[in-house]
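Below: one structure, written as structure tokens.
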Amino acid sequence: MKDSAGNNVMELAGKKVCIVVENLPVPFDRRVWQESLALKEAGAEVTVICPKTKNYPLEYEELDGIKIYRHPLPEANRSIEYIKEYLGALYHETRLLFKVFRKQGVQDVIHACNPPDLIFIAAAPFFFFTRCKFLFDHHDINPELWIAKFGKKGLGYRAMLLVERLTYHFAKHAIVTNESYKEIAMRRGRKCEEDVTIVRSGPNISKLKVGPAKPEVKKGFKYLVGYIGVMGKQEGIDLLLQSVDYLVHKKNRTDIRFCIMGGGPALDELRQMNEQMKLTDYVEFPGRVSDEFLADVLNTADVCVNPDLPSEMNDKSTMNKIMEYMAFGKPIVQFTLKEGQFSAQEASLYAKNTDTDDFAEKILWLLENPEKAAEMGRFGRERVVNELSWDYEKPKLIGAYKKLLKL
């Protein structure tokens, strides 16, 4: 925020904030990193506790004035492994919170980013016995995520509901990513409307490397289709491969290259599936990529896709990749999901849910109608620039903090 003279107003000056995120390392986690920078810009002293990975191996570093503590965290694939992962993470988060409070003083806010909904346990000694307040940043609806991963409810599902409810109970304020999550916060979390703020995961337009296409990225193919996201069961990459199989082996379209970017627990399995379906000449899985590689692909892609498996979790969740595709001005094909439709609107075509042939046909339609595809891309870009970018969400984040701290 700026005053009448155009100077930055330090609305959180002198406040100390410790963000705890278990899902991804910082600064790789774009939402958490943007929040961290926004809070620092508003005058807060910001510390982040997060996992370390091979790409972010340092246990401590300071970036852009933000202190980052990282801890080990093995990646889980099965339910029993998740229990081990969460217990290990809780130990390290508690240990590092004590370290932060000891070295940097009592924090005004512990800002917990799920998944999982267990961080309140690590934070409890501090919000019970100091003036520190607990804020919940609801990224994923874990009961629905449990069903998407394991296909059943049962004890695990009920446990997810319980810890979600406890997290909301202890949180003095919650920030959520969309209206669907706000409804869950009020219904399942029993929060009053004034204690919930929607802060969407809008892209930072100034940080995206939007530019001209690079024909060499197509590697001799006429067309390029791009995807960026996590390689997991609920992301529906297996459905996308079925669409590619339809295009290559039934429609004889050998002029389209697919670049499916991202890492995750299902990456090796998807690469094997790609080989078994004899699609390796047309589909590349480069894994987790650099910002430069990502920008080259998205700047060059003719179409971008979101094959998220239709489920209650995906229906209610706002996907970062949709926002990024729109920011790069790309037409999109995705299944018919509530929040995906809200975000993209006219920037996307919507295939019948789980109908991989229809998904493929909509990709073809966009490739064969470049003028309409370009119009859709322009609509998406303008929607992000004028309505959904991080510039519009940042004041909402600061407003939530001011409510929490009664400033």
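Taking the numbering used here, the leading residue of the sequence shown gets 755, the next gets one more, and so forth. Idealized CB from N, CA, C, for every residue including glycine. Note that the structure is predicted; figures quoted are calculated from it, not measured.
8 Å Cβ cutoff met for residue i and residue j
i	j	result
Val786	Gln861	no
Ile1076	Val979	no
Leu993	Thr1090	no
Lys1157	His892	no
Met1080	Gly1018	no
Gln988	Leu1063	yes
Phe1012	Leu1052	no
Thr1072	Ser1097	yes
Thr951	Ile982	no
Ala876	Thr921	no
Val1057	Ala1127	yes
Lys1032	Asp1069	no
Pro828	His846	no
Ile822	Cys804	yes
Phe1047	Leu1024	no
Pro879	Asn896	no
Leu889	Ala939	no
Ala913	Ser1065	no
Cys867	Val984	no
Pro957	Glu1129	no
Ile1014	Ile991	yes
Asn1028	Arg784	no
Arg824	Tyr836	no
Lys968	Thr1054	yes
Lys806	Pro779	yes
Lys976	Asp1009	yes
Local conformation of residue i per DSSP, three classes
i	result
Gln1095	helix
Lys821	strand
Phe1082	coil
Asn1107	coil
Val964	coil
Ala1049	helix
Ser1143	coil
Lys1156	helix
Lys794	helix
Glu835	helix
Leu1121	helix
Pro779	coil
Pro879	helix
Pro869	coil
Met1077	helix
Pro828	coil
Leu994	helix
Met1027	helix
Ala1020	coil
Ala1128	helix
Glu765	coil
Gly1134	helix
Lys1004	helix
With 16 other Cβ atoms within 10 Å as the buried cut-off, status of residue i
i	result
Trp1144	buried
Lys769	buried
Glu1035	The sequence given here has Asp at residue 1035, not Glu. Result: exposed.
Asp818	exposed
Thr801	buried
Arg1137	buried
Ser955	buried
Lys1005	exposed
His923	exposed
Lys906	exposed
Phe1113	buried
Ala796	buried
Cys886	buried
Val964	exposed
His865	buried
Cys1166	This structure gives no information on residue 1166, because the portion of the chain shown stretches from 755 to 1161.
Gly859	exposed
Asn1140	exposed
Ala767	exposed
Val854	buried
Gln1099	exposed
Asp1050	buried
Tyr814	exposed
Bridge partner(s) assigned by DSSP for residue i
i	result
Cys772	Thr801, Ile864
Thr1054	Answer is none; Thr1054 lacks a bridge partner.
Arg1011	Leu978
Gly1041	Met1015
Ser1102	Ile1086
Tyr814	Tyr823
Lys887	Val863
Phe892	According to the sequence provided, residue 892 is His. The question's Phe does not apply to it. Beta-bridge pairing links His892 to Val930.
Asn1060	Gln1088
**OP:** Ignoring anything shorter than 4 residues or poking outside the region 894 to 961, list the alpha helix (DSSP H) runs there in chain order.
**Re:** Every alpha helix (DSSP H) stretch that sits fully inside the region 894 to 961 and reaches 4 residues is listed by chain position as 896 to 904, 908 to 924, 933 to 941.
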